[in-house]
Amino acid sequence: MNLDRRSFLKTTSALMAATALPAWANAAPVKPFFDISLAEWSLHKALFAKKLTNLDFPGIAKKEFGISIVEYVNQFFKDKAQDKAYLDELLMRCRDNGVSNHLIMIDGEGPLADTDATRRNQAIENHKKWIECAKTLGCKTIRVNAQGNGSPEDVAKAAVEGLSKLGEIGKAAGINVIVENHGGITSNGQWLAGVIKQVGMKNVGTLPDFGNFCIKRVPGQFACEESYDRYKGVQELIPYAKGLSAKTYDFDEQGNCVETDYVKIMKIAKDAKFKGIIGIEYEGDKVDEYTGIRKTKELLERVG
Numbered sequence: 001m002n003l004d005r006r007s008f009l010k011t012t013s014a015l016m017a018a019t020a021l022p023a024w025a026n027a028a029p030v031k032p033f034f035d036i037s038l039a040e041w042s043l044h045k046a047l048f049a050k051k052l053t054n055l056d057f058p059g060i061a062k063k064e065f066g067i068s069i070v071e072y073v074n075q076f077f078k079d080k081a082q083d084k085a086y087l088d089e090l091l092m093r094c095r096d097n098g099v100s101n102h103l104i105m106i107d108g109e110g111p112l113a114d115t116d117a118t119r120r121n122q123a124i125e126n127h128k129k130w131i132e133c134a135k136t137l138g139c140k141t142i143r144v145n146a147q148g149n150g151s152p153e154d155v156a157k158a159a160v161e162g163l164s165k166l167g168e169i170g171k172a173a174g175i176n177v178i179v180e181n182h183g184g185i186t187s188n189g190q191w192l193a194g195v196i197k198q199v200g201m202k203n204v205g206t207l208p209d210f211g212n213f214c215i216k217r218v219p220g221q222f223a224c225e226e227s228y229d230r231y232k233g234v235q236e237l238i239p240y241a242k243g244l245s246a247k248t249y250d251f252d253e254q255g256n257c258v259e260t261d262y263v264k265i266m267k268i269a270k271d272a273k274f275k276g277i278i279g280i281e282y283e284g285d286k287v288d289e290y291t292g293i294r295k296t297k298e299l300l301e302r303v304g
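Numbering of the sequence shown is given in the UniProt record's numbering, commencing with residue 1 and proceeding in unit increments.
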């Protein structure tokens with residue numbers, strides 16, 4: 001057989017082999033419709049135990065988990081909101097690790113839906129430094145709480161006023177103010193969506209958490225006595241979402257989240273045309289924090 005015939009047969013065989021492959025074999029991987037971030041609360045046990053610090057967090061996110069977007073929790077650097085040297089050090093560590101800052105979760109600065117105007121205004125004042133801190137760190141957003149004491153109607157009225165005032169401050173700084181379903185009345189998706197709709201500001205929105213739909217807990221226990229349907233809640237909150245929180249506690253042998261159907265809940269996000277950042281927030285105790293984060297990341301990548 002001459003060389004021309006041999007070359008022809010070799011080329012023909014290669015072409016036939018390629019066309020025999022299924023279509024997906026040559027397809028490029030489909031990019032998920034979202035980016036993944038790591039919520040610092042996923043490592044709260046290690047942080048409270050002083051095994052790592054807030055300054056370590058960006059490096060841990062990138063080196064341990066391959067995640068390059070992070071979400072801070074203010075309690076892990078509570079006295080550093082206005083500490084320029086500290087924030088510069090944190091930014092340097094982010095740059096060194098190729099990590100970008102997404103948001104800061106704010107707790108312990110007072111309820112923005114307090115029905116007492118004096119306390120509510122003090123809470124607004126307390127949040128100002130975190131808006132400036134977020135701006136310094138390059139975050140787009142702060143997550144706040146909208147709890148209050150009183151009837152749902154009275155708390156809603158106070159929440160609209162508190163969030164509107166803080167929203168104006170955030171708007172001037174180019175920062176979003178978002179509310180998480182974080183227990184009590186805020187875990188009622190219809191109630192919280194109604195509050196955000198009344199505020200009516202582009203930079204005031206929600207952070208739907210897939211697992212935080214417990215309205216009332218058993219006294220003295222973590223067990224939930226009254227809960228809101230998580231799928232209904234996410235459906236109601238996602239039109240105002242500027243991020244999603246992928247809460248996990250436990251996994252089955254196939255790596256699926258036990259308490260939340262991630263195929264179902266991620267379909268809600270996709271159908272709503274959500275395009276943004278989904279933060280991993282592992283809070284279980286059946287596996288260690290590092291394993292829980294990895295399992296949650298694998299789950300998101302698989303169902304996304």
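We treat Cβ as the ideally placed atom computed from N, Cα and C, and that holds for glycine.
In the DSSP assignment, ALA193 falls within the alpha helix (DSSP H) that extends over 189 to 199. Each residue's CA atom was taken as its position, placing VAL218 and TYR282 some 22 Å apart. By the criterion of at least three beta-carbon pairs nearer than 8 Å, the segment 128 to 138 is in contact with the segment 88 to 108. Of ASN145, LEU207, ASP114 and PRO111, the smallest CA-CA separation from HIS102 is found for LEU207. By the neighbour-count criterion, in which a residue is buried when 16 or more other Cβ atoms sit within 10 angstroms of its Cβ, ALA172 is exposed. In this structure, DSSP gives SER164 a helical state, which the three-state scheme calls helix. Within the same chain, and ignoring the five residues on either side of ASN181 in sequence, the residues whose Cβ sits closer than 7 Å to its Cβ are SER187, GLY189, LEU192, PRO208, ASP209, ASN212, PHE213, GLY233 and LEU237.
Taking every protein chain shown into account, the CB of PRO152 has fewer than 16 other CB atoms within 10 angstroms, so this residue is exposed. ASN126 and GLU253 have their C-alpha atoms some 45 Å from each other. Scanning the segment 208 to 245 for uninterrupted alpha helix (DSSP H) segments of 4 residues or longer gives 230 to 237, listed from N- to C-terminal end. Residues of the same chain with a CB within less than 6 Å of the CB of ASN54, apart from the 5 flanking positions on each side, are PHE76 and PHE77 in chain order. In the DSSP assignment, HIS44 falls within the unbroken alpha helix (DSSP H) covering 44 to 48. Just measuring C-alpha positions, the residue of GLY162, ILE60, GLN122 and ASP116 sitting nearest GLU289 is ILE60. By the Cβ neighbour-count rule, ALA117 is exposed, with fewer than 16 other Cβ atoms within 10 Å of its own. Annotated three-state conformation of TYR282 is strand, per DSSP. If you check the CB distance, VAL199 and LEU244 do not come in under 9 Å. Going by DSSP, THR141 is part of the beta strand (DSSP E) stretching over 141 to 144. Of the other Cβ atoms in all chains shown, fewer than 16 fall within 10 Å of the Cβ of LYS84; this residue is therefore exposed. Secondary structure of LEU112 (DSSP, three-state): coil.
Each of ILE215, GLU161 and ILE265 was checked against the Cα of THR115, and the nearest Cα belongs to GLU161.
Taking the CA atoms as reference points, VAL155 sits about 32 Å from LEU43. Distance from the Cα of ILE278 is smallest, within the candidate group GLY255, ILE215, GLY284 and VAL303, for VAL303. Under DSSP, LYS247 takes part in a beta bridge, and its partners are GLU281.
With a beta-carbon spacing of about 6 Å, TYR262 and LEU299 fall inside the 8 Å limit used to define contacts.
With contacts defined by Cβ atoms closer than 9 Å, ILE131 and LEU87 do not form a contacting pair.
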